[in-house]
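The listed protein sequences correspond, in order, to chains A and B. Residue numbers for the first sequence follow UniProt numbering, so the first one is 1 and each next one is one higher. Residue numbers for the second sequence follow UniProt numbering, so the first one is 1 and each next one is one higher. Using N, Cα and C, we set each Cβ at its ideal position, and we do this for glycine too. Here the structure is a predicted model, which means the values were calculated and not measured. Structure, as structure tokens:
2 protein chains.
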Amino acid sequence: MVDNKPPEGAEKVESKKTLKKEAKKAEKAAKKAEHKGTPQNESVSEEGDVSAGKYGNLPLIRSDPTAIQRKFTYIKDLNKSLAGELVWVRARLHTVRARGKQCFIVLRQREFTVQVLVNVSDAVSKSMVKFSSNIPKESIIDLEAKVAEAPSGVAGCTQREVELVASQVWVVSASIPQLPLQIEDASRPEKPEDEEGLNIRVNQDTRLDNRILDLRTPTNQAIFRLEAGVCRLFRDILTKRGFVEIHTPKIIPAASEGGRQCVHWSAYLAQSPQLYKQMAIAADFDKVFTVGAVFRAEDSNTHRHLTEFVGLDLEMAFQYHYHEVMLTIGDLFTEIFKGLRDQYSTEIGIVGQQFPVEPFTFLEPPLVLQYPQARKMLAEVGVEVGEEEDLSTPAEKLLGRLVKAKYDTDFYILDKYPLAVRPFYTMPDPQDPRKSNSYDMFMRGEEIISGAQRIHDPELLTERAKHHGIDITKIASYIDSFKYGCPPHAGGGIGLERVVMLYLGLDNIRKTSMFPRDPKRVTP
Amino acid sequence: MVDNKPPEGAEKVESKKTLKKEAKKAEKAAKKAEHKGTPQNESVSEEGDVSAGKYGNLPLIRSDPTAIQRKFTYIKDLNKSLAGELVWVRARLHTVRARGKQCFIVLRQREFTVQVLVNVSDAVSKSMVKFSSNIPKESIIDLEAKVAEAPSGVAGCTQREVELVASQVWVVSASIPQLPLQIEDASRPEKPEDEEGLNIRVNQDTRLDNRILDLRTPTNQAIFRLEAGVCRLFRDILTKRGFVEIHTPKIIPAASEGGRQCVHWSAYLAQSPQLYKQMAIAADFDKVFTVGAVFRAEDSNTHRHLTEFVGLDLEMAFQYHYHEVMLTIGDLFTEIFKGLRDQYSTEIGIVGQQFPVEPFTFLEPPLVLQYPQARKMLAEVGVEVGEEEDLSTPAEKLLGRLVKAKYDTDFYILDKYPLAVRPFYTMPDPQDPRKSNSYDMFMRGEEIISGAQRIHDPELLTERAKHHGIDITKIASYIDSFKYGCPPHAGGGIGLERVVMLYLGLDNIRKTSMFPRDPKRVTP
């Protein structure tokens, strides 16, 4: 239902001063009305304004009982078939440019933009055009307009075939005029050949300090929609396979591998839900997953570490071999990649426009390499890794390139890590004491999940903990978890932000955490 | 594929001692093998044992390359149509009882149980029966057995029409013999008339101290599967309505309403994701939800408070009236209740057997009461609540009973709380300064969500914060979130554990938190 009556309590602006003065005043009035906090009907328009009651600042929306009932049209849904129709749109004023008796507004709704023309006519006064041209960028406005075809096309807007011709312009929520960053700058493609882009960049701290504005870019809108998709796919795929979602405490008595102390609690923050996932297995939940905050003490001043991230964790009882679990996780990733490719092509495209990258490739079923194979591939290009040595980050990245060249996949599983480089609770290989039943998985050459068969026998677990020099008394409750019978099980933990970063080929994990935390940042 | 060969490395037990001694020895051997940590083939059975190689302790499952490939049958899938067939089952030994040349085992798999007969025959030796009768409760065993009809019915098992006749019995993971609680006791119905139940109860601390065992009861298996269902329904329903999942940091710089200090971080734990939900709205995500840990400093020594719980939070921009959001939340609950009723009737039934309760009732659309109406209903039964006064917990419960009697619903919405009893960021009513645009929702008379229209205007927000005596400098970043234009919005936060507790009519929130945290408990 379209309602063309002026909203109750709306105020109009006068039309007698010079262009500049009038604009200033309109802006001031806009801010005044917006900040007043209560509806008011303070008329400031002059007699004879043909647009009186068609523009101005809405009083603060406080859910008045006589609230307007109105059907808004989404910018993305505008098209030529609506030409000639009157629509209402609520959107942000992205940019505005005055030219003589006209003013051109670009309205933005998430990743979609449309051009609006406000020009002097029988129904639109000079004052209305001037008021419109002075609305601060990023303000939210309610616009009544006629949809018009744009035969020559609109450059710079996502809606190229149509534009809007305004008949009412109301400011719903005004922005302050000075913005710490411009959405246009923050949205500029990062291409080496793009000279304009090279000149105007918004640095990462400015972005994060003003995250509310930064998150409004089409790229960020797309990143976080895709991130929600990864979570949804992770859960839906596992739920279909009989996994049960659990919730594990973040406040813990002590950490088996350290943990952050919280004074008032005499407790720590969980570095991983692993103990609790394993307890759920010992408690017959069979296959479990959990999605939640994970806290890390490690030095996180790298492009891929955070002090707090979202863990997608899973744990699964198996029959006789941990490969049952490893391949379940491999298939999970295949299904996630297919889901993203099929359901998020728009988002992937938008991010790719700002941060160009090769499309993500994967094999079905996924490639599984053995650790000795990886060592051999690296040795062939002159990089020696000891039999019981871990892969360094550069070696991992190199291996990723070698695998990509040989197998054309950006995802693979590396199985049977040396026992020496894995945590104490990792099940040793039954035949070779130097090996373990553990695996990492990689995306674009970077690790995104580390997993293993866990030791489910209290005696062997005690023995391995002692071997690692761990004080048994401090992990007694962990060891005790297995003394009432526990099925063999394996699992792993995935870093959500890292999956999204690597899938999209982004260069920094702070781009995929909505409010990133690192040793230098706990705000906003 | 069924594989009847004895697993490699399996050991057998001898058959020469008295019943008791032999049993002891078998148990000892079982524990020894289980705890040894490496495969072994230490034969302890005597020549002439017709069951040699058909029972014993499996070596620790370490994913041997020659691992058994076997299809297990789930207990819940056993039925008369399988009579005469040989199946393999992996399950827990729930109870065992020896009687002469027979031994009766009850196997348990989550909430399902089946009776197993191990009796001396041409293929089953006395030793095998004795070994079986000495397996400690809660051990996990692999059983080969023939499905047999039980014409007279099996009492005390969920599978009443069939039982299993064992031909192989292997211990996969032995429990220690002394259990701190018995699953049977922990599963006993809490009915006043049940004298046996009154005599043997497992108290809450014992349960929580030994949560791994406690969680194995059919009721707990059902509770946490239903809890996973609430989460899934919450997310699926909102996703279908265009909400985007976000993740909010738990480590925060300071709290607008206090917060727990974490010394190493110079930071706090988030008491609510509200600031971040609102920032996501200011950042154009339009409709968002988040599921995650929420920390509360409040005194939690009640039946319905935890120091850490799972928050199901949502926030939504609206057009002109917060009822758009309130009714969206109301519909969300209706859909959750319908989903639980339709998809979790088994779980609801299981919990109801142990903790009997009236089925949960709800209206569609949900009942919405105004605060003055509630005051009037209470006044009619002699309970006076002041116009600007909050409802006490007893008053809430009484109101719940009155509403139930009058409208036959266990769920309702109470709208328009007094402004004085709501947080500073609550939008005041546009017409009556004593009222606010806020609501609570109730299940069985207890609050499960508190929500409101938030003030999206920095000036009004500042004014209200000052009115509440809040230091403006400490919440500057919160107030600043609204200065670049923000749509009007409302939302709310739901406590997951509380929803599950009240839906199932349980008496304590610790029953619906897998690893509850309160001021006295941070373990396990």
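In the DSSP assignment, what are the bridge partners of residue i?
| i | result |
| --- | --- |
| R454(B) | T426(B) |
| S173(B) | I140(B) |
| H489(B) | A317(B) |
| L275(A) | According to DSSP, which records beta bridges pairwise, L275(A) is partnered with nothing at all. |
| K287(B) | M316(B) |
| Y484(B) | S175(A) |
| L164(A) | V116(A) and V147(A) |
| I449(A) | M441(A) and I494(A) |
| F360(A) | Paired residue(s): none; F360(A) is not in a bridge. |
| Q69(A) | According to DSSP, Q69(A) bridges with nothing at all. |
Measuring CA to CA, which of the options is closest to residue i?
| i | options | result |
| --- | --- | --- |
| I75(B) | V96(B), R110(B) and V357(B) | R110(B) |
| E446(A) | T239(A), I509(A), A52(A) and C157(A) | I509(A) |
| V171(B) | I141(B), V162(B), S152(B) and D429(B) | I141(B) |
| residue 525(A) | L414(A), D457(A) and K397(A) | In this structure chain A extends from 1 to 524, so residue 525(A) is not present and cannot be described. |
| I479(A) | N220(B), M501(B), I176(B) and I237(B) | I176(B) |
| R498(B) | E384(B), P516(B) and R62(B) | P516(B) |
| E459(A) | F72(B), V114(B) and S173(B) | S173(B) |
| P487(B) | L107(A), A52(A), L60(A) and G339(A) | L60(A) |
| A91(A) | G492(A), A145(A) and V288(A) | A145(A) |
| V368(B) | L391(B), I336(B) and G330(B) | G330(B) |
| R216(B) | Y484(A), T158(A) and G492(A) | Y484(A) |
| K277(B) | G492(B), L502(B), M501(B) and K240(B) | G492(B) |
| P65(A) | L327(B), Y320(B), P433(B) and F482(B) | Y320(B) |
| residue 526(A) | T393(A), M316(A), K240(A) and S481(A) | Nothing about residue 526(A) can be reported from this structure: the residues present for chain A run from 1 to 524 only. |
Is the Cβ of residue i closer than 9 angstroms to any Cβ of chain B?
| i | result |
| --- | --- |
| M514(A) | yes |
| Q319(A) | yes |
| P428(A) | yes |
| H247(A) | yes |
| H94(A) | no |
| K250(A) | yes |
| N203(A) | no |
| I509(A) | no |
| G258(A) | Note that G258(A) has pLDDT 38, beneath the 50 cutoff, so the model's placement of it is unreliable and no number is given. |
| L314(A) | no |
| R211(A) | yes |
| A282(A) | yes |
Taking only beta-carbon positions, decide if residue i is within less than 9 angstroms of chain A.
| i | result |
| --- | --- |
| G292(B) | yes |
| P151(B) | no |
| Q115(B) | no |
| C157(B) | no |
| F104(B) | no |
| H456(B) | yes |
| R207(B) | no |
| R498(B) | no |
| I176(B) | yes |
| Y322(B) | yes |
| N437(B) | yes |
| D286(B) | yes |
Let me confirm a value: residue i is counted as buried when at least 16 other C-beta atoms fall within 10 Å, else exposed. Which label applies?
| i | result |
| --- | --- |
| V381(A) | exposed |
| L504(A) | buried |
| K520(B) | exposed |
| T248(B) | buried |
| I472(A) | exposed |
| P273(B) | buried |
| D518(B) | buried |
| H489(B) | buried |
| T512(A) | buried |
| H468(A) | exposed |
| G259(B) | Per-residue confidence for G259(B) stands at a pLDDT of 41, beneath the threshold of 50, marking its modelled position as unreliable; the derived number appears in the next sentence. By the 10 Å Cβ count, G259(B) comes out buried. |
*Entirely within the region 373–445 of chain A and at least 4 residues each: give me those alpha helix (DSSP H) ranges in chain order.*
The alpha helix (DSSP H) runs of length 4 or more contained entirely in the region 373–445 of chain A are, from start to end of the chain, 393–407.
*asked:* Threshold first: 4 residues or longer. Then list the alpha helix (DSSP H) segments lying entirely within the region 80–149 of chain A, N to C.
replied: With a minimum length of 4 residues, the continuous alpha helix (DSSP H) runs that stay inside the region 80–149 of chain A are 126–133.
*alpha helix (DSSP H) runs wholly inside the region 202–266 of chain A, at least 4 long, in chain order*: Fully contained in the region 202–266 of chain A are the following alpha helix (DSSP H) runs of length 4 or more, in chain order: 204–209, 211–214 and 218–240.
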